[in-house]
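Number 46 in UniProt numbering belongs to position 46 of the sequence shown; there are no gaps in the numbering. Heads up, the beta-carbon is just placed ideally off N, CA and C, and yes, glycines get one too.
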Amino acid sequence: MARRRTGPTDTVRDLVFQRDGGCCVRCGSLHRLTIHHRVNRGMGGAREVWINQAHNLLLACEVCNGWFEDNPKPSYEAGWKVRRPQLPDKVEVRYADGRVYRLTPDGVRTAVVGAAR
Numbered sequence: 001m002a003r004r005r006t007g008p009t010d011t012v013r014d015l016v017f018q019r020d021g022g023c024c025v026r027c028g029s030l031h032r033l034t035i036h037h038r039v040n041r042g043m044g045g046a047r048e049v050w051i052n053q054a055h056n057l058l059l060a061c062e063v064c065n066g067w068f069e070d071n072p073k074p075s076y077e078a079g080w081k082v083r084r085p086q087l088p089d090k091v092e093v094r095y096a097d098g099r100v101y102r103l104t105p106d107g108v109r110t111a112v113v114g115a116a117r
């Protein structure tokens, strides 16, 4: 029996890569990039349709992806992680350049004017 794919589609992965400029959202690295879920999928994947949409995904290097898990408080404060029941399109996220954005399911990021993080 074929294994069920639980991650984002290649199209969504490409959207995230383009939106995030091909670099880690936390440190700006261009190397060893991964797709990071802001709201965790949980064991075996989650059933929510939005879990693998672009607003719940960030481009992160392997080091920062691990850092998000090891440092939950600053990760939640920066929007790199999102706690349930919050939805990722309602939580702003800080990028490596210090700018803050709101993300949409279709892969668009909109700058939040006057955001202080």
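Separation of residue j from residue i, as counted between CA atoms
| i | j | result |
| --- | --- | --- |
| T9 | N52 | 8 Å |
| R102 | E62 | 23 Å |
| P88 | R47 | 15 Å |
| D14 | G28 | 18 Å |
First and last residue of the uninterrupted beta strand (DSSP E) at residue i
| i | result |
| --- | --- |
| V100 | 100-103 |
| R109 | 109-111 |
| T34 | 33-37 |
Residue i (DSSP reduced to helix, strand or coil)
| i | result |
| --- | --- |
| R117 | With a pLDDT of 49 at R117, under the threshold of 50, the modelled position of that residue is not reliable, and the figure given next carries that caveat. In the structure shown, R117 sits in coil (DSSP, three-state: anything other than H, G, I, E or B). |
| C61 | strand |
| R83 | coil |
Span of the alpha helix (DSSP H), counted from its first residue to its last, around residue i
| i | result |
| --- | --- |
| Q18 | 10-19 |
| K73 | 72-77 |
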